[in-house]
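**Student:** Next up is a structure, given as structure tokens.
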Amino acid sequence: MVNDPIHQFRIHPILGPWNVFGQEIAFTNSNLFMGIIVLVVVGFLLLASSKKALVPGRLQSVGEMWYSLVHNMVENVLGHDGAPFFPLVFALFSFVLVANMLGMFPYFFTVTSHVIVTASLAVFVVGLVVVVGIYKHGLGWFKLFVPSGVPLAILPLISLIEFISFLSRPISLGLRLFGNMLAGHIVLKVFAGFVVSLVALGIGGAIGSIAPLFMAVALTALEFLVAFLQAFVFAILTCVYLNDALHTHH
Amino acid sequence: MSAGLFLMARSVDPKAWKGETDAKLGDISARLQDLDSRLAAEKKHSAQAEKSSTQYHGASDYSKGYRLVSEFVAGILVGTLVGYGLDYVFHTLPLFLIIFLLLGFVAGMVNLSRAANRTPPSPEELAKMPKPADDEDK
Numbered sequence: 001m002v003n004d005p006i007h008q009f010r011i012h013p014i015l016g017p018w019n020v021f022g023q024e025i026a027f028t029n030s031n032l033f034m035g036i037i038v039l040v041v042v043g044f045l046l047l048a049s050s051k052k053a054l055v056p057g058r059l060q061s062v063g064e065m066w067y068s069l070v071h072n073m074v075e076n077v078l079g080h081d082g083a084p085f086f087p088l089v090f091a092l093f094s095f096v097l098v099a100n101m102l103g104m105f106p107y108f109f110t111v112t113s114h115v116i117v118t119a120s121l122a123v124f125v126v127g128l129v130v131v132v133g134i135y136k137h138g139l140g141w142f143k144l145f146v147p148s149g150v151p152l153a154i155l156p157l158i159s160l161i162e163f164i165s166f167l168s169r170p171i172s173l174g175l176r177l178f179g180n181m182l183a184g185h186i187v188l189k190v191f192a193g194f195v196v197s198l199v200a201l202g203i204g205g206a207i208g209s210i211a212p213l214f215m216a217v218a219l220t221a222l223e224f225l226v227a228f229l230q231a232f233v234f235a236i237l238t239c240v241y242l243n244d245a246l247h248t249h250h
Numbered sequence: 251m252s253a254g255l256f257l258m259a260r261s262v263d264p265k266a267w268k269g270e271t272d273a274k275l276g277d278i279s280a281r282l283q284d285l286d287s288r289l290a291a292e293k294k295h296s297a298q299a300e301k302s303s304t305q306y307h308g309a310s311d312y313s314k315g316y317r318l319v320s321e322f323v324a325g326i327l328v329g330t331l332v333g334y335g336l337d338y339v340f341h342t343l344p345l346f347l348i349i350f351l352l353l354g355f356v357a358g359m360v361n362l363s364r365a366a367n368r369t370p371p372s373p374e375e376l377a378k379m380p381k382p383a384d385d386e387d388k
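This is the structure in structure tokens:
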């Protein structure tokens, strides 16, 4: 079908598949776009920082804004001892941002519209939170699940709820990014599909197709905002969770 | 009676009384008017601030709302998964699923209240925060 709104998320192998230890492994369009994302990020930042002018030009200005946005975020949310995590947060933000933005091009594949990608990133972040927390506070970090001032009788229940609440962090982190990208792209495709099928109906349909066309244009603008905001939210929540691990208050 | 009235009028001396208090009253009324105008300006100012803060910010508000929803849904989802997993291991299908679904609901509520009480700064708010000192000179 031409107007199948799900078709754009299909993964198909470009090279392979090869049989590696009984597993089918292929180089897919998702892998291709992940490679492109890394190339775009590295290429752009290299290009932006190539001149090193004291008064930045346009390109260098964008690069500096990009850098200082994340730098600001890490310093303000994590504090100064969070500086070692700056490269990680910057890499996460850049990857998600460029993945979302590349997805806005027609016929491009949106890497972050697959839950396995965003969930992997989120599980990695929360796994890092656990490692950093235990490294900084030892086994005392597990007091996170035992809030102070709770009567002993209901402590098991509260601990269980706290545990589930902690487990839900990677889910909500990954699900939000995935859900936003998937829903946005489907809605865009559906409205664009309305235009095509209405125009096919004849002159009356062509006039009627102005409304969904307008919606599609407006939604495209909104999607660009969402693409940036979701990358930002992902990065800042990474900072917030890392802050919890670094400075645990009991 | 008429004499009495006359006397009263004389003793009070309306003109002098009025003249004396006019200066005072004038002072107070001027200050009252001043206060009134200042209050009105303040009200207008705060109304404008209120209006701009409750205005629809488009995608920023949308992402905040989406964040709260996803926190809540994630709690329920994890509760369901943990409950179903335990049932799968112990072959007690509806038991742990029901218990952990309820616990997941509670955890989702806990997430929700935490996320609502401690919202991380939006890009606009972050831009208003003080810039960190450059640590290149160290």
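Protein chains in written order, with this note's numbering: chain P, 1 to 250; chain C, 251 to 388.
C-beta: ideal position from N, C-alpha, C; glycine also.
The model shown is predicted, which means the values in this text are computed figures rather than measured ones.
Could you spell out the range, first to last residue, of the alpha helix (DSSP H) harbouring residue 28 (chain P)?
**Tutor:** Residue 28 (chain P) -> not in any alpha helix (DSSP H); beta strand (DSSP E) instead, spanning 23-28.
**Student:** Using beta carbons (cut-off 8 angstroms, strictly below), is residue 95 (chain P) in contact with chain C?
**Tutor:** False, the Cβ-Cβ gap to chain C never drops below 8 angstroms.
**Student:** Count Cβ pairs between the stretch 350-358 of chain C and the stretch 162-180 of chain P that sit closer than 8 angstroms; are there 3 or more?
**Tutor:** Taking 8 angstroms as the limit for Cβ pairs, the verdict is that the stretch 162-180 of chain P does touch the stretch 350-358 of chain C.
**Student:** Which first and last residues belong to the beta strand (DSSP E) in which residue 16 (chain P) is found?
**Tutor:** 13-20 is the span of the beta strand (DSSP E), which, as asked, contains residue 16 (chain P).
**Student:** Determine, for residue 230 (chain P), whether the minimum Cβ-Cβ distance to residues of chain C falls below 8 angstroms.
**Tutor:** Taking Cβ atoms only, chain C reaches closer than 8 angstroms to residue 230 (chain P), which makes this a yes.
**Student:** What residue range does the alpha helix (DSSP H) around residue 96 (chain P) cover?
**Tutor:** Here the alpha helix (DSSP H) through residue 96 (chain P) covers 86-102.
**Student:** Which residue comes first and which comes last in the alpha helix (DSSP H) that contains residue 10 (chain P)?
**Tutor:** First-last for residue 10 (chain P): undefined, no H or E at that position.
**Student:** Any Cβ of chain P within less than 8 angstroms of the Cβ of residue 320 (chain C)?
**Tutor:** At least one chain P Cβ lies under 8 angstroms of residue 320 (chain C).
**Student:** Mind checking if residue 104 (chain P) is an interface residue toward chain C, Cβ cutoff 8 angstroms exclusive?
**Tutor:** No - not a single Cβ of chain C is within 8 angstroms of the one on residue 104 (chain P).
**Student:** Quick check: the stretch 333-349 of chain C against the stretch 192-200 of chain P, are there 3 or more CB pairs under 8 angstroms?
**Tutor:** These segments do not touch.
**Student:** CA-CA distance, residue 117 (chain P) and residue 365 (chain C)?
**Tutor:** Going from the Cα of residue 117 (chain P) to the Cα of residue 365 (chain C) covers about 24 angstroms.
**Student:** Would you call the CB atoms of residue 103 (chain P) and residue 185 (chain P) closer than 8 angstroms?
**Tutor:** Yes, the Cβ-Cβ distance between residue 103 (chain P) and residue 185 (chain P) is below 8 angstroms.
**Student:** How close, in whole Å, do the beta carbons of residue 38 (chain P) and residue 231 (chain P) come, if the pair is a contact with beta carbons under 8 angstroms?
**Tutor:** Their Cβ separation, rounded to whole angstroms, is 15 angstroms, which puts residue 38 (chain P) and residue 231 (chain P) out of contact at 8 angstroms.
**Student:** To the nearest angstrom, how far is it from the Cα of residue 50 (chain P) to the Cα of residue 41 (chain P)?
**Tutor:** Straight-line Cα distance between these residues: approximately 14 angstroms.
**Student:** For chain C, check one thing: does any of its Cβ atoms lie closer than 8 angstroms to the Cβ of residue 186 (chain P)?
**Tutor:** It does not: the Cβ of residue 186 (chain P) has no partner Cβ on chain C nearer than 8 angstroms.
**Student:** Going residue by residue through the stretch 199-227 of chain P, where are the continuous alpha helix (DSSP H) segments of at least 4 residues, counting only ones entirely within it?
**Tutor:** You should have 203-208.
**Student:** Throw me the rounded Cβ distance for the residue 70 (chain P) and residue 89 (chain P) pair, which I believe falls under 8 angstroms.
**Tutor:** With 8 angstroms as the limit, residue 70 (chain P) and residue 89 (chain P) qualify as a contact, their Cβ atoms being about 6 angstroms apart.
**Student:** Taking CB distances under 8 angstroms as the criterion, tell me whether residue 353 (chain C) reaches chain P.
**Tutor:** Interface residue, yes.
**Student:** Please classify residue 135 (chain P) as buried or exposed, where buried requires at least 16 other C-beta atoms within 10 Å of its C-beta.
**Tutor:** It counts as exposed.
**Student:** Along the alpha helix (DSSP H) that carries residue 149 (chain P), what are the first and last residues, could you check?
**Tutor:** It is not in any alpha helix (DSSP H) - residue 149 (chain P) carries neither H nor E in the DSSP assignment.
**Student:** If you count every other CB in all the chains shown that lies within 10 Å of the CB of residue 126 (chain P), and 16 or more means buried, which is it?
**Tutor:** With 16 or more other Cβ atoms within 10 Å, it is buried.
**Student:** Pull up the distance between the alpha-carbon of residue 198 (chain P) and that of residue 130 (chain P), whole angstroms please.
**Tutor:** The alpha-carbon atoms of residue 198 (chain P) and residue 130 (chain P) are separated by roughly 53 angstroms.
**Student:** Could you tell me if residue 240 (chain P) is buried or exposed, where buried requires 16 or more neighbouring beta carbons within 10 angstroms of its beta carbon?
**Tutor:** Buried is the call here.
**Student:** Name the chain C residues whose beta carbon is nearer than 7 angstroms to that of residue 73 (chain P)?
**Tutor:** Residues of chain C passing the Cβ test: 376.
**Student:** Would you please state the rounded distance, in angstroms, between the beta carbons of residue 316 (chain C) and residue 180 (chain P)? I believe it to be under 8 angstroms.
**Tutor:** Yes, residue 316 (chain C) and residue 180 (chain P) are in contact; Cβ-Cβ is about 6 angstroms, under 8 angstroms.
**Student:** Could you work out which residue in C:323, C:373, C:375 is closest to residue 400 (chain C) when comparing CA atoms only?
**Tutor:** Missing from the structure shown is residue 400 (chain C); chain C here goes from 251 to 388 and no further.
**Student:** Quick one: using the 10 Å Cβ neighbour count with 16 as the cut-off for buried, is residue 321 (chain C) buried or exposed?
**Tutor:** Under this definition residue 321 (chain C) is a buried residue.
**Student:** Please report the straight-line C-alpha distance between residue 330 (chain C) and residue 345 (chain C), rounded to a whole angstrom.
**Tutor:** Between residue 330 (chain C) and residue 345 (chain C), the C-alpha separation is close to 11 angstroms.
**Student:** Of all the residues that make up the stretch 236-248 of chain P, which are near chain C by a beta-carbon distance shorter than 8 angstroms?
**Tutor:** Those residues of the stretch 236-248 of chain P that come within reach of chain C (Cβ to Cβ, closer than 8 angstroms) are 236, 237, 239, 240.
**Student:** Where residue 115 (chain P) and residue 177 (chain P) are concerned, what is the direct C-alpha to C-alpha distance, given to the nearest angstrom?
**Tutor:** Rounded to the nearest angstrom, the two C-alpha atoms are 8 angstroms apart.
**Student:** Given this structure, state the Cα-to-Cα distance separating residue 80 (chain P) from residue 376 (chain C), to the nearest angstrom.
**Tutor:** So the two alpha carbons sit approximately 16 angstroms from each other.
**Student:** In three-state DSSP terms, what is residue 107 (chain P)?
**Tutor:** Residue state, collapsed to three classes: coil.
**Student:** Are the CB atoms of residue 236 (chain P) and residue 34 (chain P) within a distance shorter than 8 angstroms?
**Tutor:** No, the pair does not count as a contact, with Cβ atoms beyond the cut-off.
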